[in-house]
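Residues 256 to 366, numbered by this note's numbering, are exactly what the sequence shown covers, in order.
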Amino acid sequence: MDVRTDRQDDILSVLVNGHINGSNAAAFEEAIRAAIEDSDRAVIIDMEKLSYIDSMGLRVFFRGARHLSSRDAKLVVAMSHQNLDVFEIIGFDKIMAIHPSRAEALASLDT
């Protein structure tokens, strides 16, 4: 797993490449939490290059959405179609916005 961050004003983007599973989910969560600033109004996690995610990785998204919501911030996800089904089946589309690309995720925050 490779995690990179980028910031545009008060929006943190996290780009993930590879896979997220039980062996690296804690490191993924820590990388996100360490990058979040108090002034962030949203975090975009770009999963377009994510090849695999297991239940431990999904737990990071749930905890992240809950943490950001408690601060009146949003978790927005950009992902390929292959991971979308999993997120919809477990209901993540109800607690976070999901878009097919990072550009669309960013655009959704401009409104």
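C-beta atoms are modelled at their ideal positions from N, C-alpha and C, and glycine is treated no differently.
Nothing here was measured: the structure is a model prediction, and the numbers come from that model.
Check: For residue 303, which of 364, 362, 357 has the nearest alpha-carbon?
Finding: 357
Note to self: Could you tell me the alpha carbon to alpha carbon distance between residue 269 and residue 301, rounded to whole angstroms?
What the structure shows: 6 Å
Note to self: Just to check my reading of the structure: residue 332 and residue 364 have Cβ atoms closer than 8 Å, yes? What is that Cβ distance to the nearest angstrom?
What the structure shows: In this structure residue 332 does not touch residue 364 by the C-beta definition: roughly 12 Å separates them, more than the 8 Å allowed.
Notebook entry, point to check: Cβ of residue 266 within 9 Å of Cβ of residue 309?
Noted result: no
Checklist line | Length of the line joining the Cα atoms of residue 277 and residue 286 | finding: 15 Å
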